[in-house]
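Worksheet: the structure to be examined is printed underneath.
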Amino acid sequence: FNDPASNLGLEDIIRKALIGNLEERQE
Amino acid sequence: NRMYLVCPMNTSPHVDPLKSGHEVWEEFSHCFTPAVREVVEFAKKIPGFRVLSQHDQVSLLKAGTFEVLVVRFASLFDMKERTVTFLGGNKYSVDALRAMGSGDLLNSMSDFSEKLMNLGLSEEEMSLFTAVVLVSADRSGIENVNSVEALQETLIRALRSLITRNHPNESAVFTKLLLKLPDLRSLNNMHSEQLLAFKVH
Numbered sequence: 018f019n020d021p022a023s024n025l026g027l028e029d030i031i032r033k034a035l036i037g038n039l040e041e042r043q044e
Numbered sequence: 134n135r136m137y138l139v140c141p142m143n144t145s146p147h148v149d150p151l152k153s154g155h156e157v158w159e160e161f162s163h164c165f166t167p168a169v170r171e172v173v174e175f176a177k178k179i180p181g182f183r184v185l186s187q188h189d190q191v192s193l194l195k196a197g198t199f200e201v202l203v204v205r206f207a208s209l210f211d212m213k214e215r216t217v218t219f220l221g222g223n224k225y226s227v228d229a230l231r232a233m234g235s236g237d238l239l240n241s242m243s244d245f246s247e248k249l250m251n252l253g254l255s256e257e258e259m260s261l262f263t264a265v266v267l268v269s270a271d272r273s274g275i276e277n278v279n280s281v282e283a284l285q286e287t288l289i290r291a292l293r294s295l296i297t298r299n300h301p302n303e304s305a306v307f308t309k310l311l312l313k314l315p316d317l318r319s320l321n322n323m324h325s326e327q328l329l330a331f332k333v334h
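Which chain is which? The protein sequence lines are E and L, in order. Everything in the first sequence is counted per the working numbering, starting at 18 for the first residue and increasing by one. Everything in the second sequence is counted per the working numbering, starting at 134 for the first residue and increasing by one.
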């Protein structure tokens, strides 16, 4: 309840969308 | 004991009773994941957002994604017709959704959407307002409050300037927009409570 974003799996989606982009930029 | 998912991020509120809770959740997740990715892409385009620490970028997105989606999908609520259009494209009447168990949250989202749409904002104004919604220094877990606050202030100044320029005879529009921020917080809290209820169920 304190972290609904994590409960939803939102954090995973957000991290992948952000970090995936970082990896692309490094390439 | 039929279960319904009255969130318009679904394709439909109807749930296959033969599916397990996990399968229902997986299906729902497939519906909202693209919208969440769009919010991340939007955030990345906010000037200054990518300069924030990765931790703070994630914290802002975790806390604010629901509120951004409420703003982005305000047009799904048609209070003249009293309908809600789900992402699958089908419209459902507010009364039908109420019969399926939608409660205060959907009513409050309808009220919010109607008032926001009545302001008649342009796409540019709506985008800048959405950026202000997302970049809030008082979200929990922010490491560098000063950096987020500085970006927030820059965005609010830009929003005020844009609104003042575009609505010279409507001085209350900017104030009304700022007053939408606590409304969104309240909707976010109600949504979190419903998520808890859903998970317990």
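Note that beta-carbon positions come from the ideal geometry of N, C-alpha and C, so glycine has one too.
Chain E contact for residue i (CB, 8 Å cutoff)
| i | result |
| --- | --- |
| S280/L | no |
| T268/L | The displayed chain sequence assigns Val, not Thr, to residue 268/L. V268/L does not count as touching chain E. |
| T166/L | yes |
| K152/L | no |
| Q187/L | yes |
| V148/L | no |
| T144/L | no |
| K248/L | no |
| T297/L | no |
| V335/L | This structure gives no information on residue 335/L, because the portion of chain L shown stretches from 134 to 334. |
| S241/L | no |
| S319/L | no |
| S162/L | yes |
| M323/L | no |
Contact with chain L by residue i, beta-carbon distance below 8 Å
| i | result |
| --- | --- |
| A34/E | yes |
Interface residues of chain E facing residue i [CB-CB closer than 8 Å]
| i | result |
| --- | --- |
| V191/L | E28, I31, R32 and L35 |
Rounded separation between residue i and residue j - CA only
| i | j | result |
| --- | --- | --- |
| F182/L | T263/L | 13 Å |
| L254/L | W158/L | 35 Å |
| I31/E | M233/L | 31 Å |
| L314/L | F199/L | 13 Å |
| L252/L | L288/L | 19 Å |
| G216/L | G222/L | Checking the sequence shown, residue 216/L turns out to be Thr, not Gly. C-alpha separation (whole angstroms): 12 Å. |
| H188/L | R272/L | 12 Å |
| S260/L | P150/L | 39 Å |
| Y225/L | N277/L | 43 Å |
| E257/L | L202/L | 16 Å |
| L1/E | A330/L | Look at the range of chain E in this structure, 18 to 44, and you will see that residue 1/E is not part of it. |
| S325/L | L185/L | 26 Å |
Beta-carbon neighbours of residue i, restricted to chain E and to distances below 7 Å
| i | result |
| --- | --- |
| R170/L | I30 and A34 |
| L194/L | I31 |
>> When you compare the segment 254-268 of chain L with the segment 170-179 of chain L, are there three or more beta-carbon pairs, one atom per stretch, that lie closer than 8 Å?
In response: yes
Any alpha helix (DSSP H) of 4 or more consecutive residues that is wholly inside the segment 137-195 of chain L:
154-177
For this session: For the segment 275-295 of chain L and the segment 178-193 of chain L, state whether three or more C-beta atom pairs, one from each stretch, are separated by less than 8 Å.
Result: yes
**Request:** Would you check if the segment 162-169 of chain L and the segment 139-146 of chain L touch, i.e. whether three or more CB-CB distances between them fall below 8 Å?
**Result:** yes
Could you name each continuous beta strand (DSSP E) segment of 3 residues or more that falls completely within the segment 230-293 of chain L, going from the start of the chain to the end? none
Is the segment 202-218 of chain L close to the segment 236-252 of chain L, with three or more CB pairs under 8 Å? yes
Meets three-Cβ-pair contact criterion under 8 Å: the segment 296-306 of chain L and the segment 224-233 of chain L | no
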